[in-house]
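One structure below.
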Amino acid sequence: MSLKHALEHLGYEPCHHMKTCFGSRQQTKWFLEAADGKTVDWNAVFNDFQAAVDWPAAAYYSELLATFPDAKVVFSYRHPEDWYQSVSATIFNVASSVPAWVRVLFPHLDRLAQMIEKTIWQHELGGKFQDREHALHFFEQRLQQVKATVPKENLLVHAAADGWEPLCAFLGVDVPSIPYPRLNESVKIKRFIRILRLLNYLPYGILLSAVILIILSQ
Numbered sequence: 034m035s036l037k038h039a040l041e042h043l044g045y046e047p048c049h050h051m052k053t054c055f056g057s058r059q060q061t062k063w064f065l066e067a068a069d070g071k072t073v074d075w076n077a078v079f080n081d082f083q084a085a086v087d088w089p090a091a092a093y094y095s096e097l098l099a100t101f102p103d104a105k106v107v108f109s110y111r112h113p114e115d116w117y118q119s120v121s122a123t124i125f126n127v128a129s130s131v132p133a134w135v136r137v138l139f140p141h142l143d144r145l146a147q148m149i150e151k152t153i154w155q156h157e158l159g160g161k162f163q164d165r166e167h168a169l170h171f172f173e174q175r176l177q178q179v180k181a182t183v184p185k186e187n188l189l190v191h192a193a194a195d196g197w198e199p200l201c202a203f204l205g206v207d208v209p210s211i212p213y214p215r216l217n218e219s220v221k222i223k224r225f226i227r228i229l230r231l232l233n234y235l236p237y238g239i240l241l242s243a244v245i246l247i248i249l250s251q
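Using our numbering, the first residue of the sequence shown is number 34, and each one after it goes up by one.
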């Protein structure tokens with residue numbers, strides 16, 4: 034999220050992000066089709082965007098490079114262990130926490146959960162994210178794959194701690210006078226997961242209330 038806000042502040046807005054899919058049925062539809070192996074018009078997907086960060090877009094970096102061969106690529110790097118702990122505590126639990134009744138009543142959330150499951154946990158990590166060593170290897174291997182794919186002059190490996198200077202030099206823009214964004218969405222995501230899990234019990238609460246009302250009305 035920090036890189037998204039940094040890019041948007043530099044003028045690359047709007048910037049595509051996983052949150053984009055939460056608010057767009059069409060975006061979710063496109064990425065679910067991509068996860069199912071269907072042909073996707075990437076020009077249409079990103080027609081209204083100046084940049085893209087995070088999954089699901091990152092899962093298709095090679096397809097995007099084929100579509101946008103002159104694109105500059107910023108690999109947002111952090112220590113693999115930190116990355117694994119963060120993902121384990123946040124997005125890994127989102128799709129599995131959506132209650133079945135919510136999926137039925139809100140088809141967009143069902144498709145969104147399917148897209149996350151297929152794109153990240155199956156397509157990217159082969160269903161083995163909980164195998165810590167496998168996931169850490171994936172992270173390091175992805176960096177090497179990107180380095181081997183993207184022309185050196187079009188690639189920047191950047192950590193939030195690096196700040197504005199290397200990013201702005203890479204993009205050829207002026208360095209802002211404000212501090213580099215340091216945003217942490219983990220608290221919001223964890224709160225969202227807790228709400229989803231509590232919603233699993235809502236039908237039972239309604240049923241219990243109905244039974245109590247019936248008993249009291251006798």
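Glycine included, C-beta positions come from ideal geometry on N, C-alpha and C.
Every value quoted in this text rests on a predicted model; they were computed, and no experiment measured them.
- Following the DSSP letters along the chain, one finds Leu189 inside the beta strand (DSSP E) bounded by residues 188-191.
- Secondary structure of Phe108 (DSSP, three-state): strand.
- In the DSSP annotation of this structure, the continuous segment of the alpha helix (DSSP H) that includes Leu200 starts and ends at 197-204.
- By the criterion of a C-beta distance shorter than 8 Å, Val127 is surrounded in its chain by Ala146, Ile149, Ile222, Phe225, Ile226, Leu229, once the five residues flanking it on both sides are discounted.
- The count of Cβ pairs closer than 8 Å, one atom from the region 77-92 and one from the region 158-170, stays below three, leaving the stretches out of contact.
- In this structure, the straight-line span from the alpha carbon of Ala181 to that of Glu96 is close to 15 Å.
- Annotated as distal: Pro214 and Ala194, with beta-carbon spacing of 9 Å or more.
- For the pair Leu98 and Cys201, the CB atoms are not nearer than the 9 Å cut-off.
- If you look at Gln60, you'll find it in the alpha helix (DSSP H) that goes 58-68.
- Counting only unbroken stretches of 4 or more residues, the alpha helix (DSSP H) elements lying wholly within the region 105-163 are 113-122, 127-130, 133-138, 140-149, in sequence order.
- In this structure Thr72 is exposed. Its beta-carbon is surrounded by fewer than 16 other beta-carbon atoms within 10 angstroms.
- The closest CA to that of Pro199, considering only Gln60, Phe108, Asp115, Phe55, is found on Phe108.
- Straight-line measurement puts the Cα of Ala39 at about 10 Å from the Cα of Leu216.
- Exposure of Pro140 is indicated by the presence of fewer than 16 other C-beta atoms within 10 angstroms of its C-beta.
- Taking C-alpha positions only, Asn187 is separated from Val106 by approximately 6 Å.
- Cβ-Cβ distances below 7 Å link Met51 to Asp87, Trp88, Pro89 in the same chain, with the five nearest sequence neighbours on each side left out; the list follows chain order.
- Residue pairing by DSSP places His49 opposite Ala85 in a beta bridge.
- Annotated three-state conformation of Lys71 is coil, per DSSP.
- Note on geometry: alpha-carbon atoms of Val131 and Lys185 lie some 41 Å from one another.
- A residue is called buried once 16 or more other Cβ atoms fall within 10 Å of its Cβ, and Val78 is buried on that count.
- Scanning its chain for C-beta atoms nearer than 7 Å, with the 5 sequence neighbours on each side dropped, one finds no residue around Ala91.
- Trp63 and Gly159 have their C-alpha atoms some 21 Å from each other.
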